[in-house]
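Everything on this sheet refers to the single structure shown next.
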Amino acid sequence: MSTLGFPLFPEQASTMAPRVDQLYFFLLGVSVFFATLILILIIAFAVKYRRRSDDEQPRPISGNLGLEILWTVVPLSLTLVMFVWGARLFFITFYPPTDALEINVVAKQWMWKVQHAEGRSEIDELHIPTGRPIKLIMTSQDVIHDFFVPAFRVKNDVLPGRYTTLWFEATKPGAYRLFCSQYCGTQHSGMIGHIIALEPAEFQSWLSGGATVVSMATAGENLFQKLGCVSCHAQNDTGRGPSLAGLLGKTVHLQSGASVTADEDYIRESILNPQAKIVAGYPPIMPIFKGLISEDGIMQIIAYLKSLKREEGAQVKK
Amino acid sequence: MKSDHVVSIKLYSAIFGALLVMTLATAGAAFIDLGGNLNTVVAMLIAACKALLVILFFMHVRYSSRLTWVFVGAGFFWLMILLSLTLADVLSRRWLPTVVG
Amino acid sequence: MNGPVEERRQHYLNVNYGLKSWLLTVDHKRIAWLYLVGVTFFFFVGGLFATLIRLELLTPQGDLVQAETYNKLFTMHGVTMIFFFLIPSIPAVLGNFLIPLMIGARDLAFPRLNLASWYIYILGGLFTLAAAAAGGVDTGWTFYTPYSSIYSNTHVALTVIGIFITGFSSILTGLNFIVTIHTMRAPGMTWFRLPLFVWAHYATSIIFILGTPVIAITLALVALERLFGLGIFNPELGGDPLLFQHLFWFYSHPAVYIMILPGMGVISELITCFSRKRVFGYDFIAFSSLAIAVLGFLVWGHHMFVSGQSVYASMIFSLLSMLVAIPSAVKVFNWTATLYKGSISFDAPMLYALGFIGLFTIGGLTGLFLATLGVDIHVHDTYFVIAHFHYIMVGSAVMAYLGGIHFWWPKMTGRKYPEPLARLAAVIIFLGFNLTFFPQFVLGYLGMPRRYHVYPPEFQVLNVMSTAGASILAVGYVLPLAYLIWSLRYGVVAGMNPWKAKGLEWETTSPPPTDNFEVMPTVVHEAYAYGAAESQAVYPAGKPANV
Amino acid sequence: MSDSSIVHAHQFDDAEQQHEASWLGMWVFLATEVMFFGGMFLGYTIYRSTYPEAFADASNHLDIWLGTINTAVLIGSSFTMALAVRSAQLGARKPLVRFLILTLVLGALFLGIKFTEYYAKIEEHLVPGSNFSYAGPLGRAAQIFFSFYFAMTGMHALHMIIGLALLTALIVKAGRGRFSSVYNTPVELVGLYWHFVDIVWIFLFPLLYLVGRHLQ
Chain Z
10 MSTLGFPLFP EQASTMAPRV DQLYFFLLGV SVFFATLILI LIIAFAVKYR
60 RRSDDEQPRP ISGNLGLEIL WTVVPLSLTL VMFVWGARLF FITFYPPTDA
110 LEINVVAKQW MWKVQHAEGR SEIDELHIPT GRPIKLIMTS QDVIHDFFVP
160 AFRVKNDVLP GRYTTLWFEA TKPGAYRLFC SQYCGTQHSG MIGHIIALEP
210 AEFQSWLSGG ATVVSMATAG ENLFQKLGCV SCHAQNDTGR GPSLAGLLGK
260 TVHLQSGASV TADEDYIRES ILNPQAKIVA GYPPIMPIFK GLISEDGIMQ
310 IIAYLKSLKR EEGAQVKK
Chain F
531 MKSDHVVSIK LYSAIFGALL VMTLATAGAA FIDLGGNLNT VVAMLIAACK
581 ALLVILFFMH VRYSSRLTWV FVGAGFFWLM ILLSLTLADV LSRRWLPTVV
631 G
Chain C
97 MNGPVEERRQ HYLNVNYGLK SWLLTVDHKR IAWLYLVGVT FFFFVGGLFA
147 TLIRLELLTP QGDLVQAETY NKLFTMHGVT MIFFFLIPSI PAVLGNFLIP
197 LMIGARDLAF PRLNLASWYI YILGGLFTLA AAAAGGVDTG WTFYTPYSSI
247 YSNTHVALTV IGIFITGFSS ILTGLNFIVT IHTMRAPGMT WFRLPLFVWA
297 HYATSIIFIL GTPVIAITLA LVALERLFGL GIFNPELGGD PLLFQHLFWF
347 YSHPAVYIMI LPGMGVISEL ITCFSRKRVF GYDFIAFSSL AIAVLGFLVW
397 GHHMFVSGQS VYASMIFSLL SMLVAIPSAV KVFNWTATLY KGSISFDAPM
447 LYALGFIGLF TIGGLTGLFL ATLGVDIHVH DTYFVIAHFH YIMVGSAVMA
497 YLGGIHFWWP KMTGRKYPEP LARLAAVIIF LGFNLTFFPQ FVLGYLGMPR
547 RYHVYPPEFQ VLNVMSTAGA SILAVGYVLP LAYLIWSLRY GVVAGMNPWK
597 AKGLEWETTS PPPTDNFEVM PTVVHEAYAY GAAESQAVYP AGKPANV
Chain U
5 MSDSSIVHAH QFDDAEQQHE ASWLGMWVFL ATEVMFFGGM FLGYTIYRST
55 YPEAFADASN HLDIWLGTIN TAVLIGSSFT MALAVRSAQL GARKPLVRFL
105 ILTLVLGALF LGIKFTEYYA KIEEHLVPGS NFSYAGPLGR AAQIFFSFYF
155 AMTGMHALHM IIGLALLTAL IVKAGRGRFS SVYNTPVELV GLYWHFVDIV
205 WIFLFPLLYL VGRHLQ
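Chains as they are written, first to last, in the numbering used here: chain Z, 10 to 327; chain F, 531 to 631; chain C, 97 to 643; chain U, 5 to 220.
Shown next as structure tokens:
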């Protein structure tokens, strides 16, 4: 990126990157204009009006309303442009496309654990296909971390006790740096890795390579059996607990009269702390699974519940 | 800043009585299910009334200069900034669910 | 006004001698000196930490210090510089010394409280130093939970107790200023005749009293969580990791204005004096200070755009952050316009002031990048942020502080500093500063995260530039320390008003008497009446002999 | 130092200015105090909106009667404090001392009841930390509720203790006849402080004791 032997500008490797850079250059243009304006004025005034004799006494000027209005309104309008433009990009960054490929990320001091839906896991590396939106569903096992890929111009904090998401679409194959950018303790600067973007075909072969693994949904189903979830949450509404088929994305009516959208956070909370939100019409009898299941395990169960949804969705269609 | 207004014992006693009545009222109302969030609203309204009486009469703000009012108001106004902007985050956090189709 | 007579005159410095007369003083001018000693000490302690940080970053490997040590270094650097240097620097030294002089009062409203604030400040400092001596703290100055409350095994509690204590020193200083400015102005000193320095300190004091208590209780809760297992921030119990950040930034963003507003006040005084002109747009500068203080409380969420905060709240905070840029812009334009058709001289304080305008312009404009949502996503928590806030806090606030110290040095000590050396130092600081921090903007946009002990090799060249700049900067900071101390004894005796400046503080002797004025003034003119009457005030009881 | 009947500090022009400054200073300080407690009120509000059931359930572990009695006691102490200030304004020394002592006694009674409650909570293992135990599935969020309970009432009790110390000092001074109808600023200021502490409790009472009573 530079003839100096070291980079001065980061690589653009995602669909977001050129859009962020465009806004950045707009801001840079405005900044350079005003900084230069002030610099020129100061130097010009300093030279032109330098003190020539010690008893000089300039004529006082107390102000000028027109000028005050001018230098209030012009910056205000410019900053409003920045706001609107920035807000649009921001909304895009935090609103993943619905067809995105979901990948689960669990952060811990000091590593990134990634699991693909098909079951393949990796540490401090993330393989992705180019030309396809990728959505990360992330949580932390301990402190706050932050998933940051400079070449993609995206980052988001990874929080304990909650899911956050991040999406991007790589535009060209290559290896890109991944940083943890929220200070997380001693080896914070060692919590780095690479995003490896592959051509879709290569990605497919990478995904099926390696040791044979079970998919996340299957792993989740196994956990669902092992932890005994299935004994209450039957596929139909005959169990002591509500059926979970097709749950994700639906609106759930609660005992308290409120209703929530059943997203990943809701499922996670309902596993770890079932009494927080009781579904209307069911007794609060589910045991607490906190301590019995890992963050990775919860993600697998969610993947399993999502797979149930797809099956049911197919049935509804006909 | 403040006038040397001397409040009568009668008025002080009336305020004291009102505060006691409201304390009993709020404790009593707590046992009645008013439905929804109404219990909280009633409790907080009564608390605000009590606080207002203490500020205006016991603390003599009713008889004090505008400047005193400004600083009393500033304290509560800034508290409202803290509460409202933080709640703007907490309450709207789930408007964009993390789930996709 | 010849030398020997001047020496015999009684003033606040020679009214009595001995350690006790200083440590038990209730004279705001002497308390300002106590603070000056305190903040100078902490400035160089913080500077030492910074030096070690920059040396470590000379190479991409972690070869000078261990990761743990590095993390403690940047934490202690931030804590000492922010809480023990920048926040008290201009208000507690220059504000303390000048506000009563500028408004025509004998002292602050509560002199004993003023002394108590200094002791509280020192006590808090001792706690924090004790934490450093016991092994340090590694959370970053931001103390984000749950790292600070549960995971860190360094001396978090001791450090936050130190900051908690020091917070009360800020609160009491702010309280003292507000009451003094409201109730103790000299006859005729109306609000719109106040120097802009006083307006800026009034605005700062509002932040002191309404923001500081929030950080105090927040850090107290963190300490209680560590010491007694309280569970308010604990995600294991279902605690919200963002609650701490809201509470923290509710104070810590306005705290940025605590650091810069007094500096803006200083600059208004310097620009007018060294261009001998009434300030352009007095009302606009005065009200912009208040606007910054109030709007500054509405924008803290821009530190949390990528923290998991609601997208909608982020948009509100971004919009409000844009608004706070306006009063800052208004100030810069008005200062520049003040130069127009002035009579500009380039004494050291003016060099600092002109440097301030330039660096503050860059610091302010880069702030817009961080307030703009789409770009903040990329530059958040990178060196771009580091560069931005050092342009504001070092490039602007420290420049203003040094400019102010030089400007009022003759008033504080009765002696002049060596002008050529001072100009040299100002230029060295300006150049060293830019070389240190400008490369960090580039590093930030490249994506180098902050608080990294080791970093990828492609960032090395820019880091070497930054470290080189830092060593120049260090020379620039040691120089004034040396010649200012030298001037205490050997400096040329300064008259009452060596700069021919306007303002009540220049209408009393240098150094001033303990009660500030031989005869209390009655103000008859607006501030900065350059080119108009001889003095701002009349002295009903007759002018003192040496006026 | 001054030719008027009352002494004022050297930095002031007269006693009137000194009184103005002190009064304003106290109000500025109280604005600070609002924000100090405000941080905890914010945390409380957020968690209560997040965990309404747990807060209601945990709140029912507090003794509503002791809470109500304590509220009445503290309001009573505010009443006697107001009367003490009134006596000072009128220059009535004996009633001033009497009302101050009464305020002190009521304040001490409040703290006594408070510490009885604390003791009960320790017995019931409701103090957050490793010894915390809470029957039922809402234990984790209940621990957050009790964290707020102890933080908020603890900070309030700390303010009460400071208030009692100030009252003691006032009683000594008032007994020595230091206050008059012209000079009584310290009584007035301690009064403001005391009323402020009362107001904090007026909000703490419903927020901590009255959350879930109607659901029982």
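Glycine residues also receive a C-beta, built at the ideal position from the N, C-alpha and C atoms.
Review point. Are the beta-carbon atoms of L326 (chain C) and S151 (chain U) separated by less than 8 Å?
Key: yes
Check your understanding: How many Å lie between S268 (chain Z) and H262 (chain Z) at the Cα?
Key -> 4 Å
**Study point:** Alpha carbon of A581 (chain F) to alpha carbon of T509 (chain C), nearest angstrom
**Key:** 51 Å
Practice item. Would you mind telling me which residues of chain U sit closer than 7 Å to G335 (chain C), beta carbon to beta carbon, in chain order? Key: I148
Check your understanding: Residues of chain U with CB under 8 Å from P207 (chain C), in chain order?
Key -> A13 and Q15
Review point. Expressed to the nearest angstrom, what Euclidean distance is found between the alpha-carbon atoms of T604 (chain C) and G540 (chain C)?
Key: 49 Å
Check your understanding: Does DSSP put S8 (chain U) in a helix, a strand or coil?
Key -> Only weak support exists for where S8 (chain U) lies, its pLDDT of 42 falling under 50; the value from the coordinates is given anyway. DSSP places S8 (chain U) in coil when its eight states are reduced to three.
Review point. I think G42 (chain U) touches V310 (chain C), with their Cβ atoms under 8 Å apart; what is that distance to the nearest whole Å?
Key: 7 Å
Review point. How many angstroms separate the CA atom of F273 (chain C) from the CA atom of I363 (chain C)?
Key: 19 Å
Practice item. Reducing DSSP to helix, strand and coil, say where S403 (chain C) ends up. Key: coil
Practice item. Assign Y586 (chain C) to buried or exposed, taking buried as 16 or more other Cβ atoms, counted over all protein chains shown, within 10 Å of its Cβ. Key: exposed
Check your understanding: Between which two residues does the beta strand (DSSP E) carrying F139 (chain C) extend?
Key -> Run containing F139 (chain C): none in the beta strand (DSSP E); it sits in the alpha helix (DSSP H), H124 to E152.
Review point. Could one say the Cβ of Q21 (chain U) lies closer than 8 Å to chain C's Cβ atoms, at least one of them?
Key: yes
Point to revise | Residue-chain proximity (V201 (chain U), chain C), Cβ-Cβ < 8 Å | key: no
**Study point:** For R277 (chain Z), three-class secondary structure by DSSP
**Key:** helix
**Study point:** D477 (chain C) versus S214 (chain Z): straight-line alpha-carbon distance, rounded
**Key:** 36 Å
Point to revise | Cα-Cα separation, A618 (chain F) to A604 (chain F) | key: 21 Å
Exercise for review: Scan the stretch 52–69 of chain U for residues whose Cβ lies nearer than 9 Å to a Cβ of chain Z and list them as they occur along the chain.
Suggested key: T54, Y55, P56, E57 and A58
Check your understanding: Do A112 (chain U) and V275 (chain C) have their C-beta atoms within less than 8 Å of each other?
Key -> no
Review point. According to DSSP, which residues form a beta bridge with M147 (chain Z)?
Key: Z:V114 and Z:T173
Practice item. Determine whether the Cβ of I585 (chain F) lies closer than 8 Å to any Cβ atom of chain C. Key: no
Exercise for review: Return the Cβ separation of E57 (chain U) and S265 (chain Z) in integer angstroms, given the expectation that the two are a contact with Cβ distance under 8 Å.
Suggested key: 7 Å
Review point. Just how far apart, CA to CA, sit C238 (chain Z) and L301 (chain Z)?
Key: 12 Å
Check your understanding: Whose C-alpha, out of C:G392, C:L577, C:S410 and C:L435, is nearest the C-alpha of L419 (chain C)?
Key -> C:G392
Review point. T49 (chain U) touches chain F at which residues, Cβ-Cβ below 9 Å?
Key: L613, T616, L617 and V620
**Study point:** Minimum Cβ-Cβ distance from A271 (chain Z) to chain U less than 8 Å
**Key:** no
Practice item. Count the other C-beta atoms from every protein chain shown that fall within 10 angstroms of the C-beta of F308 (chain Z), then say buried if there are 16 or more, exposed otherwise. Key: According to the sequence as given, residue 308 (chain Z) is Met; it is not Phe. Looking at its Cβ environment, which holds 16 or more other Cβ atoms inside 10 Å, M308 (chain Z) is buried.
**Study point:** Where R90 (chain U) falls: helix, strand or coil (DSSP)
**Key:** helix
Review point. Of all Cβ atoms in chain F, is any one closer than 8 Å to the Cβ of F103 (chain U)?
Key: no
Review point. Is there a Cβ from chain Z that is less than 8 Å from the Cβ of S266 (chain C)?
Key: no
Review point. Are the C-beta of E515 (chain C) and some C-beta of chain Z separated by less than 8 Å?
Key: no
Practice item. Take the Cβ of E208 (chain Z) as the centre, count every other Cβ of all protein chains shown within 10 Å, and call the residue buried at 16 or more, exposed below. Key: exposed
Practice item. May I ask you to verify whether the stretch 438–452 of chain C touches the stretch 482–500 of chain C, counting CB pairs closer than 8 Å and requiring at least 3? Key: yes
**Study point:** Helix, strand or coil at F41 (chain U) according to DSSP, with G and I counted as helix
**Key:** helix
Practice item. May I ask you to list the residues that DSSP assigns as paired with F156 (chain Z)? Key: Z:N165 and Z:C189
Review point. So Y635 (chain C) and V620 (chain C) are in contact, right, with Cβ under 8 Å, and what is the actual spacing, rounded?
Key: The Cβ separation is near 10 Å, so there is no contact.
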